[in-house]
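Chemist: Numbered by full-length UniProt numbering, the letters in the sequence shown go through residues 1 to 337 in order. Note that CB positions come from ideal geometry on N, CA and C, so glycine has one too. Treat the numbers as computed from the prediction; the structure is a model and nothing was measured.
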Amino acid sequence: MIIVMNPKCSEDEVLKVKRELEGKGLGIHLSQGETFCIIGVLGETRAIDSNKLLRFQGVDKVLKVEEPYKKANRLFKPEDTVIDVKGSLIGGNNLAVMAGPCSVESEEQIIEIAKSVKESGATFLRGGAFKPRTSPYSFQGLELEGLELLKKARKATGLPIVTEIMSTDYIDVFERDVDVIQVGARNMQNFDLLKQLGKTSKPILLKRGLSATIEEWLMSAEYIMAAGNENVILCERGIRTFETYTRNTLDLSAIPVVKRKSHLPVIVDPSHASGYWYLVEPLAKAAISAGADGLMIEVHNNPQCALSDGQQSIKPESFKRVMDKVRILAEMEGKKL
Ligand code: PEP
Ligand code: MN
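#1: How is the alpha helix (DSSP H) around S271 delimited, first residue to last?
#2: Quick check: the Cα distance between D251 and F56, rounded to an integer number of angstroms?
#3: In chain order, what residues of the same chain have a beta carbon less than 8 Å from the beta carbon of E243, not counting five sequence neighbours either side?
#4: Unbroken alpha helix (DSSP H) runs of length 4 or more, entirely within the stretch 169-217: which are they?
#5: Going by alpha carbons, who is nearest to M98 out of V62, S116, G228?
#6: State yes or no: is the C-beta of G158 nearer than 7 Å to some heavy atom of the ligand PEP?
#7: Listed in chain order, which residues are found with a beta carbon closer than 5 Å to a heavy atom of the ligand MN?
#8: Got a sec: does the ligand PEP put a non-hydrogen atom nearer than 7 Å to the Cβ of A221?
#9: Quick one: is the Cβ of N184 within less than 7 Å of any heavy atom of the ligand PEP?
#10: Reducing DSSP to helix, strand and coil, say where Q32 ends up.
#11: I need the DSSP call for E331, collapsed to helix, strand or coil.
#12: Flag this pair as yes or no: are the beta carbons of L150 and G127 separated by less than 8 Å?
#13: Could you check if D49 is buried or exposed, using at least 16 other CB atoms within 10 Å of its CB as the buried criterion?
#14: In the DSSP assignment, what residue or residues form a beta bridge with F76?
#15: Which partner residues does M5 have in the DSSP bridge list?
#16: Flag E164 as yes when its Cβ comes closer than 7 Å to any non-hydrogen atom of the ligand PEP, and as no otherwise.
#17: Three or more beta-carbon pairs under 8 Å between the stretch 57-75 and the stretch 267-277, yes or no?
#18: Note down the Cα distance separating L210 from N187, rounded to an integer number of angstroms.
#19: Decide if residue 425 is buried, meaning its Cβ has at least 16 other Cβ atoms within 10 Å, or exposed.
#20: Shorter than 7 Å, the distance from the beta carbon of R237 to the closest heavy atom of the ligand PEP, or not?
#21: What residues are listed by DSSP as bridge partners for K336?
#22: Quick one: give me the first and last residue of the alpha helix (DSSP H) that D84 is part of.
#23: Got a sec? Which residues, its chain only, sit under 7 Å from K64 by beta carbon, not counting five neighbours each side?
#24: Which one of L234, G310, M323, K315 has the shortest CA to CA distance from T123?
#25: From the beta carbon of D324, is the nearest beta carbon of chain B less than 8 Å away?
#26: Can you check whether the CB of G43 is closer than 8 Å to the CB of G27?
#27: Select from E236, C102, P7, E331 the residue whose C-alpha is nearest the C-alpha of K61.
Here you go:
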C-alpha cells in the first residue's frame with residue numbers, strides 16, 4: 001500500500017499517519033522529493049481501512065500495490081536511485097562502465113588491464129577472485145590472493161573494484177575491501193546470502209539468474225533492501241532460452257521494463273549474455289539505446305590464454321573502440337560518462 005501525501009503537507013501531518021500505521025505493527029518507507037511525498041507501507045496491509053486514512057490531514061490518495069516487491073518498487077520511490085561509489089555514480093543520468101577480466105590471474109595481468117580500461121574511460125574495475133565455474137575441474141579463482149591483487153590495481157588506477165562473493169564465508173573481508181559486491185547469476189536466489197548482504201553497507205550488484213523472471217529478480221533485490229541495504233544495482237546478463245548459437249539470450253526488453261517498475265539502476269553485461277567477443281559491441285550499443293544505466297564488459301590482454309571466458313573477452317584496443325561509440329550513444333540518451 002502507498003499513501004500519496006500532498007507535496008505541501010507538514011511534518012506533523014506525516015508523523016500522524018506514520019504513528020497510525022506503526023501502531024498497527026506496519027513498517028514505513030518515506031520517500032520525499034520537491035514535488036512528492038510518499039509513505040510506502042510494508043507488511044500485512046489487507047485489514048487497513050483506506051477510508052480512515054483518507055480522513056487524515058495531508059493525505060491525497062491511498063493506493064494498493066499489486067507487485068510483491070515494495071522497497072524496489074517505483075511506486076514507493078518515484079525518483080531514480082543514484083549510488084555514489086567514491087565519486088563514481090551509478091543510476092539517474094549517469095553511465096557506469098565496469099570493465100576487466102573474468103578472473104584475476106596475476107598482478108601483471110590485472111594491473112595492465114586496469115590501466116588500459118581506465119585510460120579508455122571505464123569507471124570501475126571488475127575481476128573475479130572467487131569464480132563460480134560450471135566444472136569443478138576448471139580454474140576456481142585466486143580467492144583471497146585475487147582480492148589483494150584487485151586492491152593493488154585499485155591503488156594503481158584509482159578505479160573502484162567490483163568482484164563476486166560466492167558465500168557468506170568472507171563477507172567481512174568483502175565489506176571491508178570491495179567497493180561493489182557482485183552476486184552472480186547462480187546465487188541470485190541464495191536468500192541467506194542476500195539477507196546477510198542486506199546487513200552490509202556496500203552497494204550490491206545483483207545479476208539476473210539464469211532462468212529468473214524479472215519479478216523473481218526484483219524479489220531478490222527486495223531481500224537485500226528489506227534487510228537494510230537499499231544500494232542495489234541490477235545487472236541483466238542474458239537468460240537461458242532454446243537458442244544455442246549464443247551462450248545466453250540478452251533480454252533487452254528487461255531494461256525498460258525494470259526501469260518502469262523499479263527505481264534501481266540496471267546495467268547490462270553483453271559478455272556473459274552472448275558468450276562471444278564479436279557480439280559484445282553490438283549488444284553494448286543496443287543496451288545503451290534501450291536505456292541501460294551502464295555496462296559490465298570482460299576485457300583481457302591475452303584472451304586466447306585467459307583462464308576463464310577468453311572467447312567472450314575483448315582486447316583493450318577493442319574496448320577503446322567500444323567506449324568511443326558508447327560515449328556518443330550515452331550523449332544521445334542524455335547520460336554522463
Ligand atoms: C562473471 O561476472 O564473471 C560471472 C560469473 O557472471 P554470471 O554470474 O553472470 O555468470
Ligand atoms: Mn566471466
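Modeler: In brief:
#1: From DSSP, the alpha helix (DSSP H) with S271 extends over 270-274.
#2: Each residue's Cα considered, the two are about 44 Å apart.
#3: Cβ within range, chain order: T249.
#4: With a minimum length of 4 residues, the continuous alpha helix (DSSP H) runs that stay inside the stretch 169-217 are 171-177, 191-197.
#5: Among V62, S116, G228, the Cα nearest to that of M98 belongs to S116.
#6: Within the chosen limit of 7 Å, the ligand PEP does not reach the beta carbon of G158 with any heavy atom.
#7: A residue is listed when its beta-carbon falls short of 5 Å from at least one non-hydrogen atom of the ligand MN; in chain order these are C102, D309.
#8: Answer for A221: no, Cβ out of range of the ligand PEP.
#9: Residue identity check: residue 184 is Gly in the sequence provided, not Asn. Inclusion of G184 in the 7 Å shell around the ligand PEP follows from its C-beta lying nearer than that to a non-hydrogen atom of the ligand.
#10: Correct three-state label for Q32: strand.
#11: Helix, per DSSP.
#12: Yes, they are a contact pair.
#13: Exposed, because fewer than 16 other Cβ atoms sit within 10 Å of the Cβ of D49.
#14: None; F76 has no bridge partner.
#15: Looking at the DSSP assignment, M5 forms a beta bridge with C37, V59.
#16: Yes, the Cβ of E164 comes within 7 Å of a heavy atom of the ligand PEP.
#17: No, because fewer than three Cβ pairs between the stretch 57-75 and the stretch 267-277 fall closer than 8 Å, the two stretches do not touch.
#18: Going from the Cα of L210 to the Cα of N187 covers about 10 Å.
#19: The first residue shown for the chain is 1 and the last is 337, placing residue 425 beyond what the model contains.
#20: Yes; taking the cut-off as 7 Å, the Cβ of R237 has a heavy atom of the ligand PEP nearer than that.
#21: Note: K336 sits in a beta bridge opposite N94.
#22: Premise fails: D84 lies in the beta strand (DSSP E), 83-85, not in any alpha helix (DSSP H).
#23: Here the set comprises M1.
#24: Check the Cα spacing between T123 and each of L234, G310, M323, K315: the tightest is with M323.
#25: Considering every chain present, this structure includes no chain B. It has just one protein chain.
#26: Against a cut-off of 8 Å, the Cβ pair of G43 and G27 comes out as a contact.
#27: Relative to K61, the option among E236, C102, P7, E331 whose CA is nearest is P7.
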